[in-house]
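Read the structure below first, then the notes.
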Amino acid sequence: MKGREFKDTIFEQFARVASALASPKRVEIIDLLSQGERRVDSIAEVTGMSVANTSRHLHILRDAGMLTSTRKGLQITYRVADESVVAGYVALRTLAESRIAEVNRLAEAFFSEIDGADPVGLEELLDRYEAGVMVVDVRPRLEYEAGHLPGAISIPLEELSERISEMNPASSVVAYCRGPYCVLAAQAVAKFRSAGFQAERFAGGPADWRAAGLSLAIGDEA
2 MKGREFKDTI
12 FEQFARVASA
22 LASPKRVEII
32 DLLSQGERRV
42 DSIAEVTGMS
52 VANTSRHLHI
62 LRDAGMLTST
72 RKGLQITYRV
82 ADESVVAGYV
92 ALRTLAESRI
102 AEVNRLAEAF
112 FSEIDGADPV
122 GLEELLDRYE
132 AGVMVVDVRP
142 RLEYEAGHLP
152 GAISIPLEEL
162 SERISEMNPA
172 SSVVAYCRGP
182 YCVLAAQAVA
192 KFRSAGFQAE
202 RFAGGPADWR
212 AAGLSLAIGD
222 EA
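If you want it as structure tokens, here you go:
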């Protein structure tokens, strides 16, 4: 193989990964599966697509080496291939945030209407841990059990209104969900504040935690 042929071939392989991510829905699928494995029907429900369309997108991502799958009967479960996929997704998101101004404008306009406050960054959250902040994971229980921030308690958003009365309103709360563009945490912060809590949103999620080299807790224990 000559030098030119080698370069053309190797860059073609890089482009396969870029092509696999050249769809908003496929990027959303990676974001979702960075929380933990899911069945096809579950992915379809969360992303608002038909099962057939979801399967097509999943096949493209799997063929690019970004996902793996297992079959049990008629059910197929997908997961990210390894940590490099999560790191690559976070890097892609960070690149878009730094080079496309519309990303930050959209996020600021949207979230200011819900919780009206700047989110807490990773370093600040680590400092809050030392101060004894209550960290609340408002994702579905399945995602919490697949991997959550150490010490976080699980209160899925749909349960928050019912369970908030059990909590001490003097507590300082930081809520998080799937990542910086997940709306669940912002909605939770609004509910906490309306109940008299000092509450803020973490500007990240499990993928950001992992990308920083920090370990997640697994299972149903905080």
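To convert, take the position in the sequence shown, counting from 1, and add 1; that gives this note's numbering. Note that CB positions come from ideal geometry on N, CA and C, so glycine has one too.
Counted within 10 angstroms of its Cβ, other Cβ atoms place residue i as buried (16 or more) or exposed
i       : result
Asp-42  : exposed
Pro-181 : buried
Glu-201 : buried
Asp-9   : exposed
Leu-62  : buried
Ala-110 : exposed
Ile-156 : buried
Leu-45  : As written in the sequence, residue 45 is Ala, which differs from the Leu given in the question. Ala-45 is buried by the Cβ-count criterion.
Residue from the options with nearest C-alpha to residue i
i       : options                               : result
Asp-64  : Leu-75, Ala-21 and Thr-78             : Ala-21
Asp-221 : Ser-172, His-149 and Gly-197          : His-149
Leu-217 : Ala-16, Thr-71, Glu-84 and Ala-19     : Glu-84
Ala-213 : Glu-124, Ala-186, Cys-183 and Ala-189 : Glu-124
Phe-15  : Ser-51, Thr-48, Ser-173 and Gly-66    : Gly-66
Arg-80  : Gly-74, Gly-89, Thr-69 and Lys-73     : Thr-69
Ile-154 : Ser-51, Glu-114 and Tyr-177           : Tyr-177
Ile-219 : Ala-208, Pro-151 and Arg-94           : Pro-151
Gln-199 : Ala-118, Ala-97 and Glu-131           : Ala-118
Asp-209 : Arg-100, Ala-102, Arg-94 and Ile-101  : Arg-94
Ala-19  : Leu-107, Arg-106 and Gly-89           : Gly-89
Boundaries of the alpha helix (DSSP H) in which residue i is found, first to last residue
i       : result
Leu-123 : 123-131
Ser-56  : 52-64
Asp-32  : 25-34
Ala-45  : 41-48
Contact belief for residue i with residue j at Cβ below 8 Å, rounded distance in angstroms
i       : j       : result
Val-87  : Ser-35  : 5 Å
Ala-204 : Val-91  : The pair is not a contact, with the Cβ atoms about 13 Å apart (cut-off 8 Å).
Glu-116 : Val-190 : Just to set this straight, residue 116 is Asp in the shown sequence, not Glu. Yes, they are in contact, since the Cβ atoms of Asp-116 and Val-190 sit about 4 Å apart, within 8 Å.
Gly-37  : Glu-144 : 5 Å
Thr-48  : Ile-30  : 6 Å
Contact check, residue i vs residue j, beta carbons under 8 Å
i       : j       : result
Val-139 : Leu-158 : yes
Asn-33  : Arg-27  : Per the sequence presented here, residue 33 reads as Leu, with Asn not at that position. In this structure, Arg-27 does not lie closer than 8 Å to Leu-33 by Cβ.
Ser-24  : His-60  : no
Arg-164 : Gly-206 : no
Ala-53  : Phe-112 : no
Val-184 : Leu-126 : no
Gly-133 : Pro-170 : no
Ser-162 : Lys-192 : yes
Element boundaries [beta strand (DSSP E), containing residue i]
i       : result
Leu-68  : 68-73
Ser-173 : 173-177
Val-86  : Taken as a continuous stretch (DSSP letters only), Val-86 belongs to no beta strand (DSSP E), being part of the alpha helix (DSSP H) at 84-100.
Arg-194 : Per DSSP, Arg-194 belongs to no beta strand (DSSP E); it is in the alpha helix (DSSP H), 185-195.
Asp-138 : 135-138
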